[in-house]
Amino acid sequence: MSYLKIDHVDKRFQRGAATTEVLKDISLVIDKGEFVSIIGHSGCGKSTLLNIIAGLTPATSGGILLEGKEVNAPGPDRAVVFQNHSLLPWLTVYDNVALAVNKVFGGKKSKAERHDWIMHNLDLVQMGHARDKRPGEISGGMKQRVGIARGLAMEPKILLLDEPFGALDALTRAHLQDSVMQIHAALGNTMIMITHDVDEAVLLSDRIVMLTNGPSARIGEVLDVRLTRPRKRLELVTDRTYIAARESVLKFLYERHRFVEAA
Amino acid sequence: MGQPVLKDAIAGAAIVSLTGKPSEVLPLPAGPSKSVAARLAPLAKGALVNMVPPLITIALILLFWQIAASGPQSSLPPPTRIWEEAKDLITEPFYWAGSQDIGLGWRILVSLQRVAIGFSLAAIVGVLLGTLVGQSVWATRGLDPVFQVLRTVPPLAWLPLSLAAFRDSQPSAIFVIFITAIWPVIINTAVGIRNIPQDYRNVAKVLRLNQVEFFYKIMVPSAAPYIFTGLRIGVGLSWLAIVAAEMLTGGVGIGFFIWDAWNSSRLSDIIVALVYIGVVGFLLDRLVALIGHVVTRGTATN
Chain A
1 MSYLKIDHVD KRFQRGAATT EVLKDISLVI DKGEFVSIIG HSGCGKSTLL
51 NIIAGLTPAT SGGILLEGKE VNAPGPDRAV VFQNHSLLPW LTVYDNVALA
101 VNKVFGGKKS KAERHDWIMH NLDLVQMGHA RDKRPGEISG GMKQRVGIAR
151 GLAMEPKILL LDEPFGALDA LTRAHLQDSV MQIHAALGNT MIMITHDVDE
201 AVLLSDRIVM LTNGPSARIG EVLDVRLTRP RKRLELVTDR TYIAARESVL
251 KFLYERHRFV EAA
Chain B
1 MGQPVLKDAI AGAAIVSLTG KPSEVLPLPA GPSKSVAARL APLAKGALVN
51 MVPPLITIAL ILLFWQIAAS GPQSSLPPPT RIWEEAKDLI TEPFYWAGSQ
101 DIGLGWRILV SLQRVAIGFS LAAIVGVLLG TLVGQSVWAT RGLDPVFQVL
151 RTVPPLAWLP LSLAAFRDSQ PSAIFVIFIT AIWPVIINTA VGIRNIPQDY
201 RNVAKVLRLN QVEFFYKIMV PSAAPYIFTG LRIGVGLSWL AIVAAEMLTG
251 GVGIGFFIWD AWNSSRLSDI IVALVYIGVV GFLLDRLVAL IGHVVTRGTA
301 TN
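Chains as they are written, first to last, in the UniProt record's numbering: chain A, 1 to 263; chain B, 1 to 302.
This is how it looks when you write it as C-alpha cells:
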C-alpha cells in the first residue's frame with residue numbers, strides 16, 4: 001500500500017462565468033521517508049497542489065489518500081512550512097512551537113514532556129538559544145528555522161514545505177538546505193517541497209516532479225535522483241549524476257516547457 | 001553638554017590603548033562618575049526639550065487671557081480672579097464637606113466610575129460584535145447598515161429614551177456612555193479581523209484550532225492594534241458624553257458640577273472644572289494607548 005497517493009487530482013477555479021483549469025489529472029504515489037520536490041515555473045499551480053495535499057484548498061475532482069484513508073481537511077498529520085514562515089509575531093519562538101505542541105499533544109504528553117519536546121525541536125534547527133525572542137527580533141533564516149521546528153514538532157506523517165527558502169539569501173538558503181538534509185537523514189520524515197530552484201531540488205530530493213506550464217498543468221516528467229546520501233554540496237559540483245540530473249531538469253524547464261510570459 | 005565629554009573620554013581611551021603597551025591594563029582617565037553624568041545629561045536635555053515649549057505656550061495663553069479679560073466690560077474672569085475665587089477647588093481636589101460640597105477630584109472619580117462601567121461594557125460587547133461582523137459576510141451585510149446609521153446619532157439624543165427605559169439617572173448615564181463608545185470599537189475590531197493574514201488562518205487550520213481557540217489565540221492578538229485604536233477613540237467619546245449626560249441627569253459628577261456652577265454664576269469654577277476634564281481626558285487617552293502599546297508590542301513589529 002502506498003503511503004501518500006495523489007489520485008487524479010483536478011483543480012478548477014471559477015470566477016463568474018470564467019473557469020480556469022489550474023491542475024489537470026495529477027497522479028503521484030509517494031513512499032514513506034521519501035523526499036519529493038515539485039518544480040515548475042511560477043504560476044503553474046505547484047503551490048495549489050501543495051495546498052490541496054495540505055487540505056487547505058479542496059480539489060475539484062480526485063483526492064488525496066494518506067495511508068489508504070482519504071484526507072480532505074487540513075490537519076497536523078500534514079504539517080506545512082509556509083513560504084513566509086507564518087510565525088505569530090506576538091508569540092515568542094518558544095510559544096510559537098508550543099502552540100502547535102500543546103494543541104497536538106495536549107492530552108497525550110505531560111507538561112514536562114511537552115516542554116522537552118519543544119526544546120528538542122528547537123535544538124534540532126539550532127534555535128534553542130533564541131527561545132525567548134519574538135519573530136520580529138530574529139533574521140529571516142532564523143524565522144524559517146522556527147517554522148520548520150513548528151512543523152516537525154507536530155510529528156507529521158508528511159512535512160509539506162512551500163518554497164521554504166524562497167525569500168532567503170543564497171548563503172542562508174544553503175545553510176537551511178543542509179539543516180533540512182540532516183533532519184531528513186536523522187528522522188526519516190516524508191517531505192514534499194515546492195521549489196523553483198533547480199539546484200535545491202536536485203540536492204535535496206529523491207525524486208523531482210516537474211510540472212508543465214499552466215493553465216491545466218500536469219506532471220510532465222518525474223526524475224529519480226540516484227545520488228547517495230549523505231550528499232555534500234561541494235563534492236556534487238563535479239558529480240556526473242548530479243550534473244546529469246541538473247541538466248535534465250533544466251532542459252525540461254527551459255527547452256520543452258519554456259515559460260511564456262502572459263501578454 | 002555631556003556628549004562631548006563622553007566622546008573625549010572614548011577618544012582618549014582609544015589613543016592610550018593604541019600608543020601604549022598592549023599588555024598593560026590602563027584605567028580610563030575619566031572616572032565612571034563622569035560617564036554616568038554624561039549619560040544622564042541627554043535624558044535631562046530631552047525632558048527639557050519636551051517640557052519647555054508647552055510651558056511657554058501655556059504661559060503665553062494665560063498672559064493673553066489675562067490681558068483680554070482684564071477690561072471693565074469683560075464678561076469672563078481673568079486667570080488671577082479664577083485663582084482668587086476658586087483657589088480651594090484647585091488646591092484641594094479631595095476635600096469633603098457634605099454631600100454636595102465636595103472637591104473636584106471626588107466628582108471626577110464619580111464620573112470616571114460611570115465611564116469605567118459603560119466603557120467596559122462597550123469594549124466587551126464591541127469586540128464580540130466586531131468579531132462577528134469582521135468574520136461573517138452575512139453579519140456584515142445584515143448589521144453594518146444598521147451600525148452605520150446608529151453611530152451617527154449624537155450621544156445625548158439617546159438620553160431621553162434611556163431615561164424612559166431605565167427610570168433612573170445612573171443606568172441611563174452608563175447606557176449613554178456604552179452606546180457612544182461601542183461604534184468605533186465595533187468598526188475597528190471588524191477591520192482588524194478582516195485584515196488577519198491568510199497565513200495565520202492557515203496555521204490555525206493545520207493545527208485544527210477550534211472556534212474558541214482561534215478567537216483568543218489568533219484573532220484577538222492579531223487584531224489587537226485595530227481593537228486598541230477603536231478603544232482609544234471610544235474612551236475619548238465616552239469622556240465627551242459623560243459630561244453632557246451628567247449635566248442633564250444631575251447627581252455628583254463633574255458634568256453636573258458645571259451645570260450647577262452655571263446656574264449660580266460661578267464662572268471661575270466652570271473654568272477650573274474644564275481644565276480638570278481636559279487633563280483627565282488626556283490621561284484616559286494615554287492610559288488606553290499605554291495598555292495598547294504593552295499588549296500589542298509583538299504584533300505591531302511585524
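Every residue, glycine too, gets a C-beta built ideally from N, C-alpha and C.
Three-state class that DSSP yields for residue i in the structure shown
i: Met219 of chain B; result: helix
i: Asp144 of chain B; result: helix
i: Leu28 of chain A; result: strand
i: His175 of chain A; result: helix
i: Glu200 of chain A; result: helix
i: Gln73 of chain B; result: coil
i: Trp90 of chain A; result: coil
i: Leu209 of chain B; result: coil
i: His115 of chain A; result: helix
i: Met127 of chain A; result: coil
i: Ala245 of chain A; result: helix
i: Thr60 of chain A; result: coil
i: Gln83 of chain A; result: coil
i: Met191 of chain A; result: strand
i: Ala245 of chain B; result: helix
i: Arg194 of chain B; result: helix
i: Arg39 of chain B; result: helix
i: Lys21 of chain B; result: Because the pLDDT of Lys21 of chain B is 46, which lies under 50, any placement of that residue in the model is unreliable, and the number read from its coordinates should be weighed accordingly. In the structure shown, Lys21 of chain B sits in coil (DSSP, three-state: anything other than H, G, I, E or B).
i: Ile67 of chain B; result: helix
i: Met210 of chain A; result: strand
i: Val22 of chain A; result: strand
i: Gly220 of chain A; result: strand
Contacting residues, own chain, Cβ-Cβ under 8 Å from residue i (five flanking each side not counted)
i: Trp96 of chain B; result: Ile102, Gly103 and Trp106
i: Gly75 of chain A; result: Gly55
i: Val272 of chain B; result: Ile82, Ala86, Leu89, Ile90 and Leu104
i: Ile117 of chain B; result: Ile174 and Ile177
i: Arg201 of chain B; result: Ile218
i: Glu92 of chain B; result: Gly103
i: Val222 of chain A; result: Leu28, Arg207, Ile208, Val209 and Met210
Residue environment, residue i, which counts as buried when at least 16 other CB atoms sit within 10 Å
i: Ser86 of chain A; result: buried
i: Ala18 of chain A; result: exposed
i: Ser110 of chain A; result: exposed
i: Met210 of chain A; result: buried
i: Met127 of chain A; result: buried
i: Tyr276 of chain B; result: buried
i: Ser27 of chain A; result: exposed
i: Asn121 of chain A; result: buried
i: Phe282 of chain B; result: exposed
i: Trp262 of chain B; result: exposed
i: Glu113 of chain A; result: exposed
i: Ile291 of chain B; result: exposed
i: Arg246 of chain A; result: buried
i: Thr131 of chain B; result: buried
i: His257 of chain A; result: buried
i: Asp162 of chain A; result: buried
i: Thr152 of chain B; result: exposed
Own chain partners of residue i with C-beta closer than 7 Å, once the 5 adjacent residues on each side are dropped
i: Ala130 of chain A; result: Val93, Ile138 and Met142
i: Ala167 of chain A; result: Gln83, Asn84 and Gly140
i: Ser172 of chain B; result: Leu159, Ser162, Leu163, Phe166 and Thr249
Nearest residue (CA-CA) to residue i, options the options
i: Pro135 of chain A; options: A:Val146, A:Gly128, A:Val125 and A:Gln126; result: A:Val146
i: Arg12 of chain A; options: A:Leu176, A:Leu66 and A:Leu49; result: A:Leu49
i: Gln198 of chain B; options: B:Leu150, B:Val212 and B:Ser222; result: B:Ser222
i: Val78 of chain B; options: B:Val279, B:Leu267, B:Met247 and B:Arg286; result: Rather than Val, the amino acid found at residue 78 of chain B in this sequence is Pro. Among B:Val279, B:Leu267, B:Met247 and B:Arg286, the Cα nearest to that of Pro78 of chain B belongs to B:Leu267.
i: Pro160 of chain B; options: B:Trp138, B:Ser35, B:Ser111 and B:Leu248; result: B:Leu248
i: Thr228 of chain A; options: A:Arg240, A:Arg218 and A:Lys108; result: A:Arg240
i: Asn96 of chain A; options: A:Gly62, A:Asn72, A:Gly63 and A:Lys133; result: A:Lys133
i: Gly134 of chain B; options: B:Trp259, B:Phe215, B:Leu237 and B:Phe119; result: B:Phe215
Beta-carbon proximity list for residue i, same chain, < 6 Å, skipping 5 on both sides
i: Asn188 of chain B; result: Tyr226, Thr229 and Gly230
i: Pro184 of chain B; result: Gly230, Ile233 and Gly234
i: Leu236 of chain A; result: Tyr242
i: Thr172 of chain A; result: Gly141
i: Met154 of chain A; result: Pro76, Ala79, Ala100 and Val104
i: Cys44 of chain A; result: Leu211, Asn213, Gly214 and Ala217
What residues from the stretch 77-90 of chain A come within 7 Å of chain B, judged by C-beta to C-beta, listed N to C?
-> Across the stretch 77-90 of chain A, CB contacts with chain B closer than 7 Å involve Ala79, Val80, Phe82, Asn84, Ser86, Leu88, Pro89 and Trp90, in sequence order along the chain.
*Give the residues from the stretch 210-221 of chain B that approach chain A closer than 8 Å (Cβ to any Cβ), ordered along the chain.*
Here the close residues are Glu213, Lys217, Ile218 and Pro221.
Using a Cβ-Cβ cutoff of 7 Å, what residues of the stretch 188-208 of chain B are near chain A? List them in chain order.
Shown in chain order are the members of the stretch 188-208 of chain B whose Cβ falls below 7 Å from a Cβ of chain A: Asp199, Tyr200, Asn202, Val203, Lys205, Val206, Leu207 and Arg208.
Handout entry: Interfacial residues, the stretch 43-56 of chain A to chain B, with Cβ spacing under 8 Å
Key = Taking 8 Å as the Cβ-Cβ cut-off against chain B, the residues of the stretch 43-56 of chain A that qualify are Ala54, Gly55 and Leu56.
Anything in the stretch 146-180 of chain A with a Cβ closer than 7 Å to a Cβ of chain B? List those residues in chain order, please. Correct list: empty, as no residue qualifies.
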